[in-house]
Each structure stands twice: as C-alpha cells, then as structure tokens.
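Here is the structure we will look at, set down as structure tokens.
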Amino acid sequence: MKLHGTMRIEKNQLYIGGVSVKTLAEEFGTPLYIFDEENLINRATSFQHYFRSNQFSTTIYYAAKALSNLYVFGLIRELGLSVDVVSEGELYTAVKAGIAPEKICLHGNNKLPRELMMALNYRVGRIIIDHPTEFSLLSDLCRERQQKIDVLLRINPGIQATTHEYIQTTTDDSKFGMNTADPDIFALIQKIDADPYLDLKGVHCHIGSQILDKNFFVEEAEAILSFVRQVKTKLNINMSEVNLGGGFGVYYTAEDNPFDLPEFLTEYISVIEKLIEKYDLNINTISIEPGRSLINDSGSILYTVGSVKYPLQGRPYVFIDGGMTDNIRPVLYAAEYEAGLANRMNDQPDDIYRVAGKCCESGDVLIQEVALPRPKTGDLLIVPATGAYTYAMSSNYNRIPKPAVVFVNKGKTALAVKREDYEDLIRNDMPYTS
Ligand SMILES: Cc1ncc(COP(=O)(O)O)c(C=O)c1O
C-alpha cells in the first residue's frame with residue numbers, strides 16, 4: 001500500500017497527520033473517513049502556484065462534487081480557491097460555508113428553474129449554459145428580474161479521452177454541452193452574445209475524469225482555443241475566458257501512473273500561452289476545475305474487520321463494517337484500490353484476499369484482490385486514496401447510517417461531519433396511520 005501525504009508508520013501502526021489511526025478509530029468509531037489536511041492544502045497550493053501565467057489570469061475552481069461539506073468549503077475559502085457546483089445543494093452548502101458567491105460557478109446539464117433562481121439570488125460569478133433551451137430559460141429569468149449575469153457556454157469538442165466510459169464527457173453522444181460540430185452552435189453563441197442580460201465571457205469544457213495521459217489535455221486546449229478563434233473569425237465575437245475543466249488522473253493502485261502535477265501544470269500553461277499567440281486571441285482568464293486530483297489522495301476510509309470467510313471457491317473474503325454505502329465506486333465503475341491493516345503495517349502478507357462490505361448484495365466487494373497479513377477480527381483495514389467521490393456518493397442503502405468525516409493535521413483532529421444515528425435515518429419518514 002502506497003503511503004500518501006503525511007502517512008507514516010511507527011511501531012507497526014499507521015499515522016496520518018501525526019495522529020495514530022488506531023486512536024482515531026477509538027475516538028470516532030469506524031467506518032471513518034479520514035482526511036489529511038496538510039496533504040490537501042499542499043495539493044491546493046500546488047495548483048495555485050503552478051497554474052499561473054504572466055499573460056492571463058488563472059482561476060482554480062475546486063470541483064465540489066468530489067466532496068462537499070461546510071468544513072471542506074471553509075478550508076477552500078481560506079485557501080482562496082473558487083468553487084464549481086452542480087446543484088442547489090452544493091451551492092447552498094458553499095454559500096453557507098462563506099464562499100463568496102462571485103467565486104462560484106454553476107454547472108449542470110439540466111439546471112432546474114429554481115436552481116437558476118437560487119444562483120441569480122446569490123449572484124454567483126458564472127453560470128455555465130449547457131444547451132439552447134437552458135439559454136432561453138436563463139434569459140427569460142434574467143429579463144423578468146432585470147438582472148445581468150456572466151455566462152460561459154459549455155462546449156464538447158468530441159474528444160474521447162481514455163478512461164471509464166461513465167466518466168467520459170466529450171464523446172459525440174455525451175449529455176453535456178454543445179458539440180462544436182453541431183451546426184446550431186454558432187447561432188446559439190450569437191443569441192447569447194446579443195442577449196442584453198447575459199454577458200458571454202467565453203466557453204467551458206471538461207473532457208472527463210481520471211485521465212492519466214496528459215496529451216488529452218493538450219488536445220483539449222488546442223480544440224477549445226481553435227474554436228474560440230473560429231468564433232472570432234465567423235461571428236466577430238471575442239471570448240475572453242476559457243474554462244478547461246478538471247479530470248487530472250490520480251494514483252489508486254500501482255497500475256496508475258499519474259503525471260507529475262507541478263511539471264504538467266507548468267507545461268500546460270506554456271502550451272496555452274503558445275496557442276493564444278498562435279490563434280491571436282484576447283484571452284484574459286483561463287480556469288481549471290480539479291476535483292479528484294485536489295482531494296483524492298488526502299482521504300482514506302477506515303474499517304474494522306469482522307471476520308474472514310473461506311468460500312468453496314475463490315479468494316477468502318475479509319468482511320468489513322462498511323462497503324458500497326460509503327464507497328460505491330468499485331461497484332459503479334470497477335474502481336480499484338489498495339488496502340492495508342493500519343494496526344499491523346509491517347506484518348507480511350500471507351494471502352490474497354477479497355474485501356467485501358456488509359450490504360445485502362453479492363456485488364458489494366470493495367477490493368477484488370489485495371495482499372494482506374491474515375486479518376483478525378478487530379483489525380483496522382484502511383483504504384487510502386478515497387477522498388473523492390466516496391462520501392459524496394454515499395448512501396443509506398440497507399438503512400446503514402453514514403460514517404463520520406474527520407480531518408487530521410499536525411497531531412490535531414477536527415470532526416467535519418458527524419456520524420449519522422438511527423434518528424437521522426427516520427427523520428423524514430412519516431408513520432403509517434390507519
Ligand atoms: C464540469 C466538471 N468540472 C470538473 C469536474 C471534476 O473532475 P475531476 O474530479 O476528475 O477533476 C467534473 C467531474 O465530473 C465536471 O463534470
């Protein structure tokens with residue numbers, strides 16, 4: 001198991017942020033989401049430091065869908081990052097956490113009228129228009145309210161980045177944005193540009209997630225900036241802003257070989273600068289929206305081992321006290337993870353095990369194959385690199401309460417989200433009355 005961020009082994013025990021994981025289990029129980037705050041801060045500051053140019057300003061939007069709660073947004077606020085949200089719930093949480101509305105942009109392929117109203121009420125910085133009907137809806141709302149708003153148009157340049165098909169977003173059959181080959185796209189741009197209430201700043205694109213080949217991002221920048229040139233030539237409309245989305249791949253297992261982020265960001269900036277020069281554009285802002293690459297490494301999920309079971313066939317099962325309710329990714333898109341026994345980090349593996357959750361589903365297997373020392377009841381199993389899209393996608397399936405989320409930093413712990421209890425589970429239920 002790779003040690004991420006501040007993870008250290010001392011006397012066979014795993015420490016994160018200077019706190020022993022065993023102590024965290026005793027204090028907060030398991031399953032438990034543990035976040036290494038220092039690692040997260042380092043990652044965020046790395047984006048801010050390396051994604052910088054002398055020729056245009058840059059904005060780093062934290063993609064809230066990876067993990068959103070008051071604590072994480074508070075940290076993002078303090079670090080000075082902007083935030084992209086995709087729903088009224090994410091927007092509400094971000095504003096409640098004190099993120100300045102002008103630092104928020106709103107995405108979504110089907111924004112509800114009330115979500116657009118909420119964004120207008122808060123006066124968010126940008127709304128990213130997805131398609132013509134949404135343009136009309138937003139335009140009508142703004143006219144009724146006599147309110148102006150800055151917008152970008154989400155475009156799809158048809159790039160098929162290598163990743164799981166569920167997280168590809170710019171294939172020709174994608175549900176997101178307007179395809180740049182769509183004959184209606186220029187008419188839409190003209191309409192947005194002519195709208196007295198919408199200030200069309202530029203375009204947005206996001207080519208997918210967990211992309212490990214940096215050439216796809218270069219391909220994206222080329223496609224988007226050449227499209228901006230086309231708009232200028234064809235329509236005489238100058239777009240001053242381009243948002244290139246997120247998608248930078250991360251390490252989950254030894255099979256993933258992510259590119260070095262500082263090196264890539266530096267290179268990316270220079271590619272963009274050259275493209276702006278090549279196409280003779282007046283771009284003043286380039287943005288990116290990292291989610292996974294900003295937060296995934298910092299998060300781990302900690303479980304307690306129940307029992308080990310030897311089926312007639314196949315690998316022995318290690319049963320844990322969580323599973324697909326706290327991390328749906330293995331079931332959703334065959335995501336792979338490493339794991340270790342946090343209380344026996346130096347013990348030698350004796351076999352290859354399957355880590356299975358406690359949900360009433362055969363598919364609830366968190367890891368298909370992992371070498372571990374023979375687990376015993378009560379051991380602590382840790383699954384690192386689980387910060388993104390885990391709590392954010394968690395559920396109460398089987399009426400399992402959601403675990404707590406704790407942040408650790410320099411020997412200190414902070415509870416970010418309380419563990420749910422049984423009352424939380426029935427809070428919205430109405431009793432049957434005859
Ligand atoms: C519009 C948009 N921006 C940013 C992201 C973040 O992607 P990642 O977490 O891979 O960086 C996503 C993820 O789906 C997205 O849809």
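In the numbering used here, the protein residues as written are 1 to 434.
Just so it is clear, CB atoms sit at the ideal spot from N, CA and C, and this is done for glycine as well.
For I128 and N215, the gap between their C-alpha atoms comes out near 25 angstroms. The shortest CA-to-CA distance from I34 to any of A221, K418 and M430 is the one to K418. Apart from the 5 residues on each side of it in sequence, R8 sits with its Cβ closer than 7 angstroms to the Cβ of Y15 in its chain, given in chain order.
Only buried fits R329, as 16 or more other CB atoms lie within 10 angstroms of its CB. Inter-segment contact for the segment 237–248 and the segment 142–149 is absent: fewer than three beta-carbon pairs are separated by less than 8 angstroms. In the structure shown, the three-state DSSP call for F248 is strand. In this structure, K175 has its beta carbon at no less than 7 angstroms from each heavy atom of ligand 1. Around the beta-carbon of M430, fewer than 16 other beta-carbon atoms lie within 10 Å, marking it exposed. Bounds of the beta strand (DSSP E) holding G299 are G299 to K309. Per DSSP, reduced to three states, the secondary structure at H204 is strand. Taking the Cα of T285 as reference, the smallest distance to any Cα among L225, D260, E338 and L91 is reached at L225. Going by DSSP, S53 is part of no alpha helix (DSSP H) at all; its letter is neither H nor E. For the pair C360 and G18, the Cα-to-Cα distance works out to about 36 angstroms. With a contact defined as Cβ atoms closer than 8 angstroms, Y252 and P31 miss out at about 19 angstroms.
In this structure, the beta-carbon distance from D364 to M393 does not fall below 8 angstroms. Within the DSSP bridge table, the entry for G340 names I382 as partners.
Under the rule that a run must span 4 or more residues, the alpha helix (DSSP H) segments found entirely inside the segment 103–147 read 113–122 and 132–145. Between ligand 1 and P157, a heavy atom-to-CB distance of less than 7 angstroms is absent. A direct Cα-to-Cα measurement between P401 and K2 gives close to 29 angstroms. Apart from sequence neighbours up to five positions away, the residues of its chain that approach F28 with a beta-carbon distance below 6 angstroms are A404 and V406, ordered along the chain.
Within the same chain, P31, Y303, T304, V305, G306, V355, A356, G357, K358, L366 and L381 come within 8 angstroms of I320 by CB-CB distance, once the 5 residues on both sides are set aside. The Cβ atoms of I301 and N343 lie no closer than 8 angstroms to each other.
Within the DSSP secondary-structure output, R8 pairs in a beta bridge with Y15.
As computed with DSSP, K412 is found in a beta bridge with N409. In this structure, N121 sits away from A416, with a CB-CB distance that is not shorter than 8 angstroms. Listed in chain order, the alpha helix (DSSP H) elements of length 4 or more contained wholly in the segment 209–274 are 215–235.
Contact between the segment 218–235 and the segment 56–66 is not established, with fewer than three Cβ pairs separated by less than 8 angstroms.
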